[in-house]
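S.K.: Residue numbers are given in the numbering used here: position 309 of the sequence shown equals residue 291, and the series is strictly consecutive. There's a structure below that I have some questions on.
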Amino acid sequence: MTSLGEADRRLLEEIQQDFPLDPRPYREIGRRCGLTEEQTIRSIRGYLSGGLVRDVSALLNARKIGYQSSLVALRVPAERLETLAAVISRHPGVSHNYIREHAYNLWFTLALAREKSFADEIDELLDQHPVEDCLILPALRTFKLRVNFRFQNGDRSPGAGGTCVPGQTLKSGIELEEPDKRLLAILQETLPLLPEPWKAIAPVLGFTEPELIAAIERLKGLGVIRRISAVLRHRRVGFNANGMACFNLPEERIAAAGEAAAQFAEVSHCYQRRTYPRWPYPLYAMVHARSKPECDARIREIAERIGCTDVLVLYSNREIKKERVK
């Protein structure tokens, strides 16, 4: 981060926001950052090639388009950990896969078609790879879902300006028409780095540019497209600590606690998840910070704010896979 100037910092913040549905979005983004359209495109191209930005594409609501997802935790013998991590990462429905500092040492997020069974799919994944235990932890309620790394004005956080969704119970999806499916498939690829990207995409689908923009607006209105934005590689941009805080709270306090935790700028994701007698943590908050001590301090502050004394913090030793499911 020390090699990035003020203009880069402003631009990295801006491209994490929803891209404007303007015929020339890079010109509009550049205007907000004091850059020309050409400078904006050139900078984003450099962020992608240099590894600061993972991609610039549509983030979809998996549940809205007929998918379900779950966090899964495995307790894997050390001698099998690397092999199984590689097996898990090859599954096309796995978006995140981490080795974490805990007896439950392999954590991944799995998306499946709505009619499929997580238990069956995981049994198939683990065939010939025995584990000591498995926790299937689907989200029951979302309080916040937005990663937004901030660099300006000494902001300490990645999450300022994120989207809080107080107490939103997750609901099932809608049926998509074939033209919408084709559009979503294209929007999951990196947006063309051209002055008029929508005009470049439209003919592939048989749309005019106004028709394409209208279709994107409609899918956003339906909640199918969350946003079109850049995803930053958090370690590359200086946020080296990634702690998943798990809070043990009684059912009647989860809603208020989740809403309170979601207000913290450092929290990017906050969910209520399924519990087990051997795993009694219903509330999860993903906290990002520049260092582990800073992350620990913020988690202590969250725990104090929500009145929770039973907190487990899991740090990732290694990121095995992190990409949007297509």
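Positions of the beta carbon are idealized from the N, C-alpha and C atoms, including for glycine. Because the structure is a prediction, the values reported are computed rather than measured.
Check whether the Cβ atoms of residue 242 and residue 288 sit closer than 8 Å, and answer yes or no.
M.R.: Yes, they are a contact pair.
S.K.: According to DSSP, residue 301 sits in a beta bridge with which residue or residues?
M.R.: 80, per the DSSP bridge assignment.
S.K.: Find out if the Cβ-Cβ distance for the pair residue 51, residue 91 is shorter than 8 Å.
M.R.: A contact, by the Cβ cut-off of 8 Å.
S.K.: Between the Cα of residue 213 and the Cα atoms of 116, 38, 88, 28, which residue gives the shortest distance?
M.R.: It is 38 whose Cα lies nearest to the Cα of residue 213.
S.K.: Is residue 186 buried or exposed, if buried means 16 or more other CB atoms sit within 10 Å of its CB?
M.R.: Looking at its Cβ environment, which holds fewer than 16 other Cβ atoms inside 10 Å, residue 186 is exposed.
S.K.: With DSSP as the reference, label residue 8 as helix, strand or coil.
M.R.: The answer is helix: DSSP assigns residue 8 an H, G or I state.
S.K.: Would you report the Cα separation of residue 45 and residue 290, rounded to the nearest angstrom?
M.R.: Going by the C-alpha atoms only, they are around 30 Å apart.
S.K.: Keeping to the same chain, check which residues put their C-beta closer than 6 Å to that of residue 334; ignore five residues upstream and five downstream.
M.R.: Here the chain covers residues -17 to 308 and nothing more, so residue 334 does not appear.
S.K.: With a 10 Å radius around its C-beta and 16 neighbouring C-beta atoms as the bar for buried, classify residue 56 as buried or exposed.
M.R.: Buried: at least 16 other Cβ atoms inside 10 Å.
S.K.: From residue 240 to residue 247, what does the alpha carbon distance come to, in whole angstroms?
M.R.: Cα to Cα, residue 240 sits roughly 14 Å from residue 247.
S.K.: Nearest to residue 164 by alpha carbon, out of 304, 70, 47, 122?
M.R.: Ranking 304, 70, 47, 122 by Cα distance to residue 164 puts 47 first.
S.K.: Please state the DSSP three-state secondary structure of residue 139.
M.R.: Note that residue 139 scores a pLDDT of 45, beneath 50, so its modelled location is shaky; the value from the coordinates is reported in the next line. Three-state result, residue 139: coil.
S.K.: Identify whether residue 211 lies in helix, strand or coil by the three-state DSSP scheme.
M.R.: Here residue 211 sits in strand by DSSP.
S.K.: Just to confirm my understanding: we take residue 199, look at its own chain, exclude 5 residues before and 5 after, and list those with CB closer than 7 Å. What are they?
M.R.: These residues qualify, in order along the chain: 3.
S.K.: Helix or strand or just coil, what does DSSP make of residue 250?
M.R.: The answer is strand: DSSP assigns residue 250 an E or B state.
S.K.: For the candidate residues 34, 306, 8, whose alpha-carbon lies nearest to that of residue -9?
M.R.: Among 34, 306, 8, the Cα nearest to that of residue -9 belongs to 34.
S.K.: For residue 101, is the classification buried or exposed, using 16 other Cβ atoms within 10 angstroms of its Cβ as the cut-off for buried?
M.R.: By the neighbour-count rule (16 or more Cβ atoms within 10 Å), residue 101 is not buried but exposed.
S.K.: Pick from 54, 16, 156, 286: whose alpha carbon is nearest that of residue 70?
M.R.: For residue 70, the nearest C-alpha among the options comes from 54.
S.K.: What is the DSSP secondary structure of residue 206, reduced to helix, strand or coil?
M.R.: Residue 206 falls in the coil class under three-state DSSP.
S.K.: For the stretch 32 to 107, list the beta strand (DSSP E) runs that are entirely contained and at least 3 residues long, ordered along the chain.
M.R.: With a minimum length of 3 residues, the continuous beta strand (DSSP E) runs that stay inside the stretch 32 to 107 are 35 to 42, 49 to 57, 76 to 82, 88 to 95.
S.K.: In this structure, how does DSSP classify residue -12 when only helix, strand and coil are distinguished?
M.R.: In this structure, residue -12 counts as helix in the three-state DSSP scheme.
S.K.: Under 7 Å Cβ to Cβ from residue 43, same chain only, skipping five residues before and after it: list those, please.
M.R.: Contacts found: 205, 206, 208.
S.K.: Which residues does DSSP pair with residue 294 in a beta bridge?
M.R.: Beta-bridge pairing links residue 294 to 228.
S.K.: Report the rounded CA-to-CA distance for residue 10 versus residue 258, giving the unit in angstroms.
M.R.: When rounded, the distance between both Cα atoms is 49 Å.
S.K.: Counting pairs of beta carbons, one from the stretch 263 to 283 and one from the stretch 222 to 239, are three or more of them closer than 8 Å?
M.R.: Contact holds: three or more Cβ-Cβ distances are below 8 Å.
S.K.: Given residue 12, which residues of its chain have a CB within under 6 Å of its CB, disregarding the five upstream and five downstream residues?
M.R.: Around residue 12: 18, 19, 22.
S.K.: Which residues does DSSP list as the beta-bridge partners of residue 266?
M.R.: Residue 266 pairs with 228, 253.
S.K.: Return the first residue and the last residue of the alpha helix (DSSP H) that residue 165 is part of.
M.R.: Note, residue 165: alpha helix (DSSP H), 160 to 169.
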